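Notes to accompany the following structure.
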Amino acid sequence: MQQTYEQHFYDVVIVGSGLAGQRAALEVAPFARTAVISKVYPTRSHSGAAQGGIAAALGNVDEDTWQQHHFDTVKGSDYLADQDAAEIMVRDAAQVVIELEHMGTPFSRLPDGRIAQRNFGGHKYKRACYSADLTGHVMLHTLYEQCLKYGTKFYNEFFVTRLFMKEGRCIGLSAVNLADGKLHSFFAKAVLIATGGGGRAFSITATAHATTGDGFALAYRAGIPLEDMEFMQFHPTGLYKLGILVTEGARGEGGYLINGKGERFMEKYAPGMMELAPRDITSRSEQTEINEGRGIDGKDYIYLDLRHLGKEKILERLPQIHDLVFKSLGVDCIKEPIPIQPTAHYTMGGIPANLDGQVTIDSENTIVPGLFSAGETSCISVHGANRLGCNSLLDAVCFGRRAGKAMAKYITGASMPDIDEEQIKVSVKELDEFKSRKGEEKVASLREQLQKGMMVRCGIFRDSEKLSAQLADIRKLRGRFQNIGLEDSTSNYNFELMEALECSWLFDFSEAMVLGALKREESRGAHSRTDFPKRDDEKFLKHTLIYKTDGEPRVEYKPVVITAFQPQERKY
Amino acid sequence: MAERTFKIHRFNPEKDEKPYFQEYRFEVESGWSILDSLNHIKWNIDSSLNFRRSCRSGICGSCAMRVNGENALACETQVKNVKGSKIKIEPLPGLAVMRDLVVDMEPFFEGLKKVMPYFVTKDSPPDKEWLQSPEDRKKLDEPIKCILCACCTASCPSFWFDDKYVGPAALVKSYRFVFDSRDQAREERLDIVNDREGLWRCHTIFNCVEACPKDINCTQAIAELKKATVFSTV
Ligand SMILES: Cc1cc2nc3c(=O)[nH]c(=O)nc-3n(C[C@H](O)[C@H](O)[C@H](O)COP(=O)(O)OP(=O)(O)OC[C@H]3O[C@@H](n4cnc5c(N)ncnc54)[C@H](O)[C@@H]3O)c2cc1C
Ligand code: SF4
Ligand code: SF4
Ligand code: FES
């Protein structure tokens, strides 16, 4: 029985210690009692896996402007991004990067000592600031170091299970301490959700085991809608069968994509940008080659070829990739081409939030008091239907920072919520019920069925039949999930329980994604319907909002903010 | 595909009086890492086995453990490269075992916190970036690869016998700032590590270099820090 629990009171509680969460913490902690809760140690967060870079029009290499960055982002989004939000992000970008540098981030350098910049897909100019192929890693460590400097309070290996909502306001949350299984409740004036993406809904994914859609589901269950969930980015270069990412930087440095006939097939699909076309286009091109029998030996993979770059360049610019490919596949990319396939990568949709990271609940953008969101979990929406590479580190840091500032302001006018015994009771009961499930079903097997179904039916190419079948399947699997059996009844480091909770998030995440995809009868950005192959601005130039209800989820829409650029056909 | 036997350290302080080894034998698919094998056990054979993992690509530092007597990342260790009839998997040594392969990481992070593990500048920053030449930046190539996995510190006999010793990972972090041309707290940093529980606890036993999955030469970094302290006190 789950009886022991502790209570904590803070001005601000941040869920997630990735780039978004820690950047927010740095901004707000000097002004407010702040706690950062994370299910992994801060430096283990998935932001550390980002290799390629962070976009900012510094103009250190090419002449560049934020206006051009704005246009590239909006065009990349297939015109679904809110242009006011995208503008804020690209205008903040230079300062955001310079601040990171001032905190010590070891960016790679130009001969004159300024930050180096390289090409990245969909960006017109050399705009990606990077640190070899360890960009996210060095940024994450730098922010962690700064948090240590300022004595930020971390609750590491605490797993958030529920948001506390009262009269439409968020007043806190409950979290299990994984070390001893105790449930803690946190009450706060403001809560920030920065829990990353949900790539684990798919069988082939570039994301970490911990990327299980937690924040999406926490919000969804608390009555917050999820926005534009149908847009899932598939990255063109995942290691064959493993899904592990080879950075786009490898193509930025000049790598080729080669099909089974030895052709650089991107010539057919995006002659202007070749391998550096945006990800949705490149992934679809690969999948088309594979589907039409032009994979390597007719199989479901193609090659990423770096050999012509030469040993020196590979070892200097892409050292981690060289190591990773060798350790994972035994392939030496100096001498051999790398077998790759598209891999589930980034969740464009998420918790709707405004320019200050305040969560909104409807098409009028009505604010949910006390609740903020930033990073991959949020949908502000700067990426629209397709995110450009290097724009998500920027999104995480830029809006983490803005949300931090906004929370610092918000708490001065907000009252401390009272303890709510009822909320505590509900979360205790919920967890107890979960732990006591002693049925026949296995979590791992249900999760695998979900992941395979999502990959095949809600992957790169979708249609109404596949999506309907997947929706029905999710519901069946979720029903069976009620009947899972947990074998481990102990409470310290019980990762069986954690994985079961994570699997339950994935059902909510997937349901919203599939339903959004089914209702969106057009093709836009990463969402490609073979039964509706054209973009349809008349009907679908709008954001999807999906609400959890007791029965069928409710689908609503909200308008896209268009300021500078009228939608055009997207060609590269 | 080949059958392999895994001999895995088990311990749950809630119910076991003492640790024991449990064996699992199963078909390992080609290309599987140690982590894939552990996941296979957890998902298909015995869900009570516990270990940390996240990125499965050698960057998050979660999955450090001892494989056939050597500290390594489970996700970066291919089963086919592990010799012997049985693959023995144990938690990292030198840190308290919390459960199965999960160790208490707090002493490791405490060591890190002691060395002023953050960038410091005293002049007010320029409008743009601090300049740094590619040559100066290159000096950081090795230490910034550190993923704080603790393979090194947990292999260090000096740390086993004295957990107040900050350990090689913390010293690598100190090195990362001492040799950063932009940093302005070199003297304080050297002062901190120039201590019995710092640099001088290291007896150049080289275990840490062997252990580091990111090929960081911890001992060299320590040697250079020692040199720097000697020169700065002259
Ligand atoms: C392999 C890879 C490479 C990438 N490369 C690039 C790139 O080059 N450029 C770019 O711009 N973008 C890149 N991206 C995308 C980018 O890295 C991510 O979108 C971004 O880092 C997300 O940051 P975040 O702070 O939102 O979340 P994360 O870094 O994922 O952090 C999530 C945090 O939430 C915590 N958390 C989650 N659930 C819970 C819970 N229930 N309870 C408590 N804590 C919880 C976790 O512990 C973690 O601390 C890449 C992504 C991948 C997968
Ligand atoms: S060289 Fe020093 S730090 Fe490394 S293992 Fe030996 S004593 Fe420890
Ligand atoms: S120096 Fe190497 S072994 Fe030590 S913590 Fe860093 S990466 Fe791990
Ligand atoms: S799982 Fe991240 S380093 Fe092994």
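Taken in sequence, the protein lines are chains D and R.
Residues in the first sequence are numbered consecutively from 1, following this note's numbering.
Residues in the second sequence are numbered consecutively from 1, following this note's numbering.
The beta carbon of each residue, even a glycine, is placed where N, CA and C say it ideally should be.
What you are looking at is a predicted structure, and each value in this text was computed from that prediction instead of being measured.
* **Short Cβ contact (7 Å threshold) for Gly76/D with Leu388/D** => Yes, the pair counts as a contact, with Cβ atoms nearer than the cut-off.
* Asked: Quick one: does the C-beta of Leu219/R sit closer than 6 Å to a heavy atom of ligand 2?
  -> First, the amino acid is wrong: residue 219/R is Thr here, not Leu. Yes - ligand 2 has a heavy atom lying nearer than 6 Å to the Cβ of Thr219/R.
* To do: Kindly list the residues whose CB is nearer than 6 Å to the CB of Met229/D, restricted to its own chain and excluding five residues on each side of it in sequence; keep chain order.
  => So the list reads Gly349, Ala512, Met513, Gly516, once near-sequence residues are dropped.
* To do: Would you be able to state if there are at least three C-beta pairs under 8 Å between the segment 32 to 43 of chain R and the segment 114 to 126 of chain R?
  => Using a Cβ-Cβ distance cut-off of 8 Å, the segment 114 to 126 of chain R and the segment 32 to 43 of chain R are not in contact, since fewer than three pairs of beta carbons, one from each stretch, lie closer than that value.
* Asked: What does Thr490/D reach in chain R if we use C-beta pairs closer than 7 Å?
  -> Simply Asn12, Glu14, Lys15.
* Gln2/D (DSSP reduced to helix, strand or coil) -> Legend: pLDDT at Gln2/D = 49, less than 50; position of this residue unreliable, value from coordinates given subsequently. It is coil, neither helix nor strand.
* **Residues bridged to Lys311/D [DSSP beta-bridge criterion]** => The partner list for Lys311/D (beta bridge, DSSP) is empty, contrary to what the question assumes.
* is_contact[Trp43/R, chain D] using C-beta, thresh 7 Å -> Closer than 7 Å to some Cβ of chain D, the Cβ of Trp43/R qualifies, so yes.
* To do: Going by CA-CA distance only, name the one from Asp214/D, Phe326/D, Lys466/D, Ile193/D that's closest to Asp508/D.
  => Comparing Cα-Cα distances from Asp508/D to each of Asp214/D, Phe326/D, Lys466/D, Ile193/D, the minimum goes to Asp214/D.
* Is Ile205/R near ligand 2, going by C-beta to nearest heavy atom under 6 Å? -> At least one heavy atom of ligand 2 is nearer than 6 Å to the Cβ of Ile205/R, so yes.
* Asked: Counting only beta-carbon atoms, is Lys149/D nearer than 7 Å to chain R?
  -> Chain R, which has a Cβ nearer than 7 Å to the Cβ of Lys149/D, makes this yes.
* To do: Just tell me which of Leu171/R, Glu90/R, Ile147/R has its CA closest to the CA of Leu112/R.
  => Among Leu171/R, Glu90/R, Ile147/R, the Cα nearest to that of Leu112/R belongs to Leu171/R.
* Ordered list of alpha helix (DSSP H) runs contained in the segment 490 to 556 of chain D, each at least 4 residues -> Every alpha helix (DSSP H) of 4 residues or more that sits fully in the segment 490 to 556 of chain D is shown, in chain order, as 495 to 519, 537 to 540.
* To do: May I have the straight-line CA-CA distance separating Phe26/R from Ser33/R, to the nearest angstrom?
  => The alpha-carbon separation between Phe26/R and Ser33/R amounts to approximately 14 Å.
* Same chain, Cβ closer than 8 Å to Val234/R, five either side skipped, listed in chain order -> The predicted position of Val234/R is uncertain, since its pLDDT is 43 and thus under 50; a value taken from the coordinates is nonetheless stated next. Correct list: empty, nothing qualifies.
* Taking 7 Å as the CB-CB cut-off, is Pro168/R touching chain D? -> Not closer than 7 Å to any Cβ of chain D, the Cβ of Pro168/R fails to qualify, so no.
* Figure out for me which residue from Ala564/D, Gln449/D, Lys429/D, Asp11/D has the closest Cα to the Cα of Ile171/D. => Nearest of Ala564/D, Gln449/D, Lys429/D, Asp11/D to Ile171/D, Cα basis: Asp11/D.
* chain D beta carbons: is any one of them nearer than 7 Å to that of Ser62/R? -> Yes, its Cβ sits closer than 7 Å to a Cβ of chain D.
* Rounded straight-line distance, which links the Cα of Ile302/D to that of Arg10/R -> Taking C-alpha positions only, Arg10/R is separated from Ile302/D by approximately 42 Å.
* Per DSSP, Arg25/R is paired with what? -> Beta-bridge partners of Arg25/R (DSSP): Thr5/R.
* Asked: Taking DSSP as the reference, what is the three-state secondary structure of Ala154/R?
  -> The answer is helix: DSSP assigns Ala154/R an H, G or I state.
* Asked: With a cut-off of 7 Å, does the C-beta of Val555/D fall near any C-beta of chain R?
  -> No, because no Cβ of chain R sits closer than 7 Å to the Cβ of Val555/D.
* Asked: Would you say Gln22/R faces chain D, with C-beta separation under 7 Å as the test?
  -> Cβ-Cβ to chain D under 7 Å: no for Gln22/R.
* Under the three-state DSSP convention, the category Arg182/R falls into -> Residue state, collapsed to three classes: coil.
* To do: Tell me whether Ala169/R counts as near ligand 3, meaning its Cβ is closer than 6 Å to at least one heavy atom of that ligand.
  => Yes - ligand 3 has a heavy atom lying nearer than 6 Å to the Cβ of Ala169/R.
* With hydrogens ignored, establish whether the beta-carbon of Asp72/D is closer than 6 Å to any heavy atom of ligand 1. => Distances from the CB of Asp72/D to the heavy atoms of ligand 1 are all 6 Å or more.
* Asked: Helix or strand or just coil, what does DSSP make of Leu131/R?
  -> The answer is coil: DSSP assigns Leu131/R none of H, G, I, E or B.
* Asked: Looking only at C-alpha atoms, which of Asp92/D, Tyr130/D, His69/D, Met498/D sits nearest to Ala444/D?
  -> Comparing Cα-Cα distances from Ala444/D to each of Asp92/D, Tyr130/D, His69/D, Met498/D, the minimum goes to Met498/D.
* Would Gln132/R count as contacting chain D if we go by Cβ distances under 7 Å? -> Yes, contact with chain D.
* To do: State yes or no: is the C-beta of Ile460/D within less than 7 Å of the C-beta of Gln287/D?
  => Here Ile460/D is near Gln287/D, since their CB atoms are less than 7 Å apart.
* Please name the residues in the segment 92 to 105 of chain D whose beta-carbon is closer than 7 Å to at least one beta-carbon of chain R, in chain order. => Residues of the segment 92 to 105 of chain D with a C-beta atom less than 7 Å from some C-beta of chain R are Ile98, Glu101, His102, Met103, Gly104, listed in chain order.
* CA-CA distance, Lys299/D and Phe107/D? -> A direct Cα-Cα distance of roughly 39 Å separates Lys299/D from Phe107/D.
* **One or two residues paired with Ala344/D in a DSSP bridge** => Thr205/D, Phe234/D, per the DSSP bridge assignment.
* Within the chosen definition, does the segment 525 to 534 of chain D reach the segment 28 to 42 of chain D through at least 3 CB pairs nearer than 8 Å? -> Not touching, per the Cβ criterion.
* Asked: How many Å lie between Ala223/R and Arg176/R at the Cα?
  -> When rounded, the distance between both Cα atoms is 13 Å.
* To which residues of the same chain is Thr237/D closer than 6 Å at the C-beta, ignoring the five residues directly before and after it? -> If we look at Thr237/D and ignore the five residues flanking it on each side, its Cβ neighbours are Val246, Leu304, Ile340.
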